[in-house]
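This report concerns only the one structure given below.
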Amino acid sequence: MSWNRIIGQHRVKELLRRALEGGQIAHAYLFYGGLGVGKDATAIEFARALNCEKQRGTACNECVSCKKVDALRHPNIQFICSLPVGKNEKKGDDPVAVLTEEQVEALQEQLRLKAENPYHRISIPKATFIKINSIREIKRQSSLSMFEEGKKVFIISDAEDMNAEASNSLLKTLEEPSANTILILTTSQRDKLLPTILSRCQLVQFDPIDETDLRDYLTAHEGVEQDQAALIAKLAEGSYDRAIDLLSVEVKAEREEVVQFMRAALGTKPSLLLSEVEKIGAGVDRSNVERALRMLQLWLREAMVLRERGSVGVGQEYEDARRFIERFPNANLPAALESVEASIALIGKNVYIPLILTNLAFDLKKSSISEYSV
Ligand SMILES: [Zn+2]
């Protein structure tokens with residue numbers, strides 16, 4: 057079952073499977089949703105199923121066609137993304153032939169990585185937008201006769217990166233659909249696309265990946281141990297990309313760090329608080345501070361669930377939250393969560409980090425000792 061390659065997204069998979077089985081295929085789709093939820097991966101899988109020689113509804117993974125898609129080397133399937141502009145590139149030029157040897161190599165390497173892992177985010181130096189020549193290629197290629205059975209599928213990845221010329225050219229292509237050609241646009245910024253493009257596509261919304269699906273994937277495919285996978289899945293907010301980023305971070309150590317910060321905030325020793333502020337605020341990367349505060353939010357939410365239901369699940373990791381609830385049974389946790397959210401917003405506004413953290417510490421103490429009735 058090749059749909060199993062897609063993490064979660066059960067509703068979308070069912071929708072596409074039914075379309076395939078019923079032969080009700082639109083000529084253009086727009087897959088939209090957050091970053092790292094599997095839009096490209098699903099587009100590739102859909103293209104594979106559309107070209108499978110053996111069965112309908114889902115790709116067999118065994119026929120010659122399915123194997124070619126595995127390597128993203130199927131003549132019927134084109135993957136379109138941002139590319140650098142070639143020297144003296146003119147309208148009508150082949151968008152790849154105008155690139156330097158080095159750029160072509162970079163493109164091929166990125167496509168190889170994408171074929172290996174459809175969740176891979178393509179990144180090519182100096183490729184800032186999707187060129188009109190790439191879009192014109194769609195028209196040219198769809199007018200050519202088919203080399204193989206099946207459907208020609210053009211996947212336009214991060215379609216919001218099309219410049220104005222490319223968008224207008226695509227619009228024309230959408231207005232005159234050719235038989236046997238299917239376009240799949242993917243985007244995490246739907247609002248940046250022309251309304252006239254949106255109205256010509258079947259819109260398919262992708263939700264954040266379900267926490268349990270992400271956790272199970274991390275344990276089964278990335279070899280992450282259960283506890284850590286559960287924690288990462290909670291922090292990743294339904295994004296594969298974010299989960300993989302978090303894999304490189306010592307999430308457990310970071311969690312311990314925010315618990316220490318919380319202890320210092322609630323304590324009476326300013327020197328201790330100062331050293332915790334320094335630890336979290338160390339380094340120049342503001343996104344690290346944001347991640348730590350997201351971790352703190354998670355911890356506060358755990359405490360909230362613990363207080364309401366008496367348990368969160370199993371595991372030692374909740375011991376610190378339990379002790380907190382025992383000591384501050386009436387803590388105003390919603391207010392504490394709001395303070396953290398406000399601090400995260402300030403990180404984005406370039407406010408001095410130690411100031412944000414010190415203020416947050418005072419707010420946390422205030423909400424912990426204040427009376428709050430559920
Ligand atoms: Zn097949």
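For our numbering, count along the sequence shown from 1 and bump the result up by 56. Positions of the beta carbon are idealized from the N, C-alpha and C atoms, including for glycine.
Minimum C-alpha distance to D96 - residue among A162, E161 and L167: Here the closest residue by C-alpha is L167.
A115 CB to nearest heavy atom of ligand 1 below 7 angstroms: Answer for A115: yes, Cβ within range of ligand 1.
G294 versus C116 - alpha carbon distance: Those two C-alpha atoms are separated by around 28 angstroms.
Limits of the alpha helix (DSSP H) - the one that P361 falls within: In the sequence on display, residue 361 carries Val and not Pro. Per DSSP, V361 belongs to the alpha helix (DSSP H) from R342 to R365.
For K208, the residue or residues it bridges with in DSSP: Paired residues: T237.
Cα-Cα separation between E70 and D263, rounded to whole angstroms: Computed Cα separation, rounded: 14 angstroms.
Three-way DSSP call (helix, strand, coil) for I62 in this model: Looking at I62 - three-state DSSP - the assignment turns out to be coil, as it is neither helix nor strand.
Cβ-Cβ distance between P131 and E193 below 8 angstroms: E193 sits away from P131, with the two beta carbons spaced by 8 angstroms or more.
Per-residue burial, D214 [other beta carbons within 10 Å of its own, 16 or more giving buried]: With 16 or more Cβ atoms within 10 Å of its Cβ, D214 is classed as buried.
Opening and closing residue of the alpha helix (DSSP H) in which V280 lies: Segment: none, V280 is in no alpha helix (DSSP H) and carries neither H nor E.
Whole runs of the alpha helix (DSSP H) within the stretch 260-322, excluding any shorter than 4 residues: Counting whole runs of 4 or more residues, the stretch 260-322 contains the alpha helix (DSSP H) stretches 267-277, 282-291, 296-303 and 307-322.
Stretch pair the stretch 245-254 + the stretch 81-92: three plus CB contacts closer than 8 angstroms: Taking 8 angstroms as the limit for Cβ pairs, the verdict is that the stretch 81-92 does touch the stretch 245-254.
Per DSSP, cross-strand counterpart(s) of L139: DSSP lists F185 as the beta-bridge partner residues of L139.
Rounded C-alpha distance that separates N388 from G323: About 17 angstroms.
Beta-ladder partner(s) of M218, from DSSP: M218 pairs with I186.
F102 in three-state terms, based on DSSP: F102: helix per DSSP, three-state reduction.
Unbroken alpha helix (DSSP H) run spanning A392, endpoints: Here the alpha helix (DSSP H) through A392 covers L389 to G404.
Beta-carbon contacts of I431 that lie in its chain and below 6 angstroms, excluding the five residues immediately before and after: Absent from the model: residue 431. The displayed extent of the chain is 57 to 430, so no value can be given.
Range covered by the alpha helix (DSSP H) that runs through F380: Membership of F380 in the alpha helix (DSSP H) is indicated by the continuous run E375 to R383.
Cut-off 6 angstroms between Cβ atoms - residues of its own chain near W59, not counting five sequence neighbours on either side: Apart from the 5 residues on each side of it in sequence, W59 sits with its Cβ closer than 6 angstroms to the Cβ of K69 and T114 in its chain, given in chain order.
Rounded distance between the beta-carbons of L356 and L393, thought under 8 angstroms: Here L393 really is in contact with L356; their C-beta atoms are around 5 angstroms apart, less than 8 angstroms.
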